[in-house]
Amino acid sequence: MYPKSIRTTLLCLGIAVCAIANSQDTLTLDEALRLARLNNGDIRAAAFDVRAANARVNQAKSAFYPTVTPFAQYGNRRTVTDIGTGSQTTTNDGFTTGVDARWNVLDSGQKEFSLLSSRRNEDATKFDATQLLRRTLFQVHQQYYEALRAQELLRVAQSQVDRTQKIYDQAEFGARPEIGSVAKKDVYQARADLLNAKVELLRVKNLTSNTVSTLKATIGWDQSRELPMLARVAEPTEFAAPEPKEKVVADGLSDRADLQASRRRLDAQYYSVKRADRDAGFSFDLDLNYSRNFSPNQNDDRNLTLLVSYPLFDGGRLREQAREQKLIYQSAQASLVQTERIAQAEIESAYSEYVQNIERVNASKQALEAAQVNYDAAIAAQREGANDVIEVLTAQVSLVTAESNYIEATYDYYVAGVNLRLVSGRSIPGELER
Numbered sequence: 001m002y003p004k005s006i007r008t009t010l011l012c013l014g015i016a017v018c019a020i021a022n023s024q025d026t027l028t029l030d031e032a033l034r035l036a037r038l039n040n041g042d043i044r045a046a047a048f049d050v051r052a053a054n055a056r057v058n059q060a061k062s063a064f065y066p067t068v069t070p071f072a073q074y075g076n077r078r079t080v081t082d083i084g085t086g087s088q089t090t091t092n093d094g095f096t097t098g099v100d101a102r103w104n105v106l107d108s109g110q111k112e113f114s115l116l117s118s119r120r121n122e123d124a125t126k127f128d129a130t131q132l133l134r135r136t137l138f139q140v141h142q143q144y145y146e147a148l149r150a151q152e153l154l155r156v157a158q159s160q161v162d163r164t165q166k167i168y169d170q171a172e173f174g175a176r177p178e179i180g181s182v183a184k185k186d187v188y189q190a191r192a193d194l195l196n197a198k199v200e201l202l203r204v205k206n207l208t209s210n211t212v213s214t215l216k217a218t219i220g221w222d223q224s225r226e227l228p229m230l231a232r233v234a235e236p237t238e239f240a241a242p243e244p245k246e247k248v249v250a251d252g253l254s255d256r257a258d259l260q261a262s263r264r265r266l267d268a269q270y271y272s273v274k275r276a277d278r279d280a281g282f283s284f285d286l287d288l289n290y291s292r293n294f295s296p297n298q299n300d301d302r303n304l305t306l307l308v309s310y311p312l313f314d315g316g317r318l319r320e321q322a323r324e325q326k327l328i329y330q331s332a333q334a335s336l337v338q339t340e341r342i343a344q345a346e347i348e349s350a351y352s353e354y355v356q357n358i359e360r361v362n363a364s365k366q367a368l369e370a371a372q373v374n375y376d377a378a379i380a381a382q383r384e385g386a387n388d389v390i391e392v393l394t395a396q397v398s399l400v401t402a403e404s405n406y407i408e409a410t411y412d413y414y415v416a417g418v419n420l421r422l423v424s425g426r427s428i429p430g431e432l433e434r
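Start counting the sequence shown at 1; every next residue gets the next number (this note's numbering).
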């Protein structure tokens, strides 16, 4: 017999191992969201896009700084000159070293416009990445709930097969000549219901497989590996009253990341218009150049240049470029207006759907309770000989319909809640790491 301390240690170790095994056999929604953040290719690509946009901002900043370029050059030159009585050969061989420095001290605003445009585009890219993250996490919520919905419907379908099988067996037994309590037509009806229940079970099994495969792809799960059992969510019992629709719409139009991205790109295009206008008119540049050679001879060269220019004639190229940028800006303005209209319609629709699904859950739960009472009463009456098979089958169909409606309403409610957060520009559960 082990000492008590060792037995306690072994017991704790066994509990820990069981907990680990259970955690590996169950996939929670939070874990699915975490996997999507880590593995989803679209999310990873958006992160690279943000870094690339930041690199473009740094490129625009570099125009405000001087460039310093040290250099070293080796040359070997051989010249042969024919002088009539013979030829003369001259050879030059040596290193040249030095440094060049160039700085555009001042210009007519092109550098500033480029930097401002790059910064707005960087902001837009960040908002795009935020919206993509939220959309992907919404898909995880939706697909997780769809998979759970399919599993619940599979349970209902299997229960339906079991019930119809039992009723069919009872009907077939009662239809025996020595008993004769059940008509043949009732046996045929029970058999038809059993076969239909089996067909429905096969359909739901296929639905379950498809929803699980879709969830695997979104969270980056290896398709060759089985997905653990999904952790069931609690049935909704309390429903938080949503904020007034007008406030939700106003906040959504203000805060939605995709709308903010469009507005930042519109601002970026505004600065592109300013730069194109400046290029098509008077412009100036103040440049400072400095060079120093260290070998073979030491010398310094400094040059300060102010250049004022005007494109008198270029076939209209610069003016057309400026006009093109203005038209692109006007196009972006019109597109933003329409995008905001579509966003408002999405928010209003999602709001109404969320409110209606609350009502659906309450109504379907009451219908389920009533159908269960009706089915239990039909079974009890059949045992007492007061009901025939048809009445029991009718009560069973009502019960299955009520169960399916309650499952559909419950998961539609959960999906609608997350969708309302998405379209109204609010953070999605799982967006921030815990």
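By construction, the Cβ of each residue, glycine as well, lies at the ideal position given by its N, Cα and C atoms.
What's the C-alpha gap between residue i and residue j?
{"i": "A261", "j": "G94", "result": "57 Å"}
{"i": "Q460", "j": "S398", "result": "This structure cannot settle anything about residue 460, because the visible part of the chain is limited to 1 through 434."}
{"i": "G447", "j": "D300", "result": "In this structure the chain extends from 1 to 434, so residue 447 is not present and cannot be described."}
{"i": "Q165", "j": "D42", "result": "48 Å"}
{"i": "I83", "j": "P296", "result": "30 Å"}
{"i": "R426", "j": "G417", "result": "11 Å"}
{"i": "K216", "j": "A257", "result": "26 Å"}
{"i": "A47", "j": "Q298", "result": "50 Å"}
{"i": "W221", "j": "R135", "result": "18 Å"}
{"i": "R232", "j": "K111", "result": "57 Å"}
{"i": "A322", "j": "A268", "result": "15 Å"}
{"i": "Y414", "j": "F173", "result": "45 Å"}
{"i": "R191", "j": "V392", "result": "14 Å"}
{"i": "S424", "j": "D255", "result": "7 Å"}
{"i": "R78", "j": "T96", "result": "17 Å"}
{"i": "Q370", "j": "Q139", "result": "A quick correction: the sequence has Ala, not Gln, at residue 370. Using only the alpha carbons, I get a separation of about 34 Å."}
{"i": "R203", "j": "L153", "result": "10 Å"}
{"i": "N22", "j": "L230", "result": "Note that N22 scores 44 on pLDDT, short of 50, meaning its location in the model is unreliable; the coordinates nonetheless yield the value given after this. Between N22 and L230, the C-alpha separation is close to 12 Å."}
{"i": "L422", "j": "H141", "result": "11 Å"}
{"i": "S181", "j": "I390", "result": "13 Å"}
{"i": "A147", "j": "A409", "result": "15 Å"}
{"i": "K205", "j": "A334", "result": "48 Å"}
{"i": "T339", "j": "Q356", "result": "26 Å"}
{"i": "C18", "j": "D25", "result": "With a pLDDT of only 41 at C18, under 50, the local geometry of the prediction cannot be trusted, and the value read off the model is given with reservation. The alpha-carbon atoms of C18 and D25 are separated by roughly 10 Å."}
{"i": "T305", "j": "D314", "result": "24 Å"}
{"i": "A276", "j": "I328", "result": "12 Å"}
{"i": "S102", "j": "T214", "result": "Looking at the sequence shown, residue 102 is not Ser but Arg. Going by the C-alpha atoms only, they are around 57 Å apart."}
{"i": "D128", "j": "I407", "result": "34 Å"}
{"i": "A183", "j": "L201", "result": "27 Å"}
Would you call the CB atoms of residue i and residue j closer than 7 Å?
{"i": "A67", "j": "Q143", "result": "A small correction: the amino acid at residue 67 is Thr; Ala does not occupy that position in the sequence shown. Result no, Cβ atoms of T67 and Q143 do not sit closer than 7 Å."}
{"i": "V50", "j": "R119", "result": "no"}
{"i": "A175", "j": "V187", "result": "yes"}
{"i": "F71", "j": "G98", "result": "yes"}
{"i": "G440", "j": "L38", "result": "The requested residue 440 does not occur in the structure, where the chain is confined to residues 1 to 434."}
{"i": "Y375", "j": "A395", "result": "yes"}
{"i": "Y490", "j": "L207", "result": "Residue numbering for the chain in the displayed model covers 1 to 434; residue 490 lies beyond these limits and cannot be assessed."}
{"i": "N54", "j": "E122", "result": "yes"}
{"i": "N405", "j": "S364", "result": "yes"}
{"i": "Y145", "j": "Y411", "result": "yes"}
{"i": "Y271", "j": "S62", "result": "no"}
Identify every residue that forms a DSSP beta bridge with residue i.
{"i": "W103", "result": "L288"}
{"i": "G437", "result": "No statement about residue 437 is possible, as the shown extent of the chain runs from 1 to 434 and does not include it."}
{"i": "S87", "result": "D82"}
{"i": "L306", "result": "L286"}
{"i": "S295", "result": "T97"}
{"i": "D301", "result": "S291"}
{"i": "T401", "result": "BP columns for T401 are empty, so no partner."}
{"i": "P70", "result": "V99"}
{"i": "S26", "result": "Per the sequence shown, residue 26 should be read as Thr rather than Ser. In DSSP, T26 forms a bridge with M229."}
DSSP on residue i, reduced to helix/strand/coil?
{"i": "L432", "result": "coil"}
{"i": "T214", "result": "helix"}
{"i": "V50", "result": "helix"}
{"i": "I179", "result": "coil"}
{"i": "Y65", "result": "coil"}
{"i": "G174", "result": "helix"}
{"i": "T237", "result": "coil"}
{"i": "S331", "result": "helix"}
{"i": "L422", "result": "helix"}
{"i": "N40", "result": "coil"}
{"i": "D376", "result": "helix"}
{"i": "A280", "result": "coil"}
{"i": "Q223", "result": "coil"}
Hey, would you say the C-beta of residue i is under 6 Å away from at least one heavy atom of the ligand MG?
{"i": "R102", "result": "This structure lacks the ligand MG, and indeed carries no ligand of any kind."}
Inset, instruction - Report yes or no: do the stretch 79–90 and the stretch 279–297 share at least 3 C-beta pairs separated by less than 8 Å? - result: These segments do not touch.
Legend entry - Cβ pair count under 8 Å reaching 3, the stretch 392–407 against the stretch 147–165: Between the stretch 392–407 and the stretch 147–165 there are three or more inter-stretch CB-CB distances shorter than 8 Å, so the stretches are counted as touching.
Inset, instruction - Would you check if there are 3 or more beta carbon pairs closer than 8 Å linking the stretch 244–254 to the stretch 342–357? - result: yes
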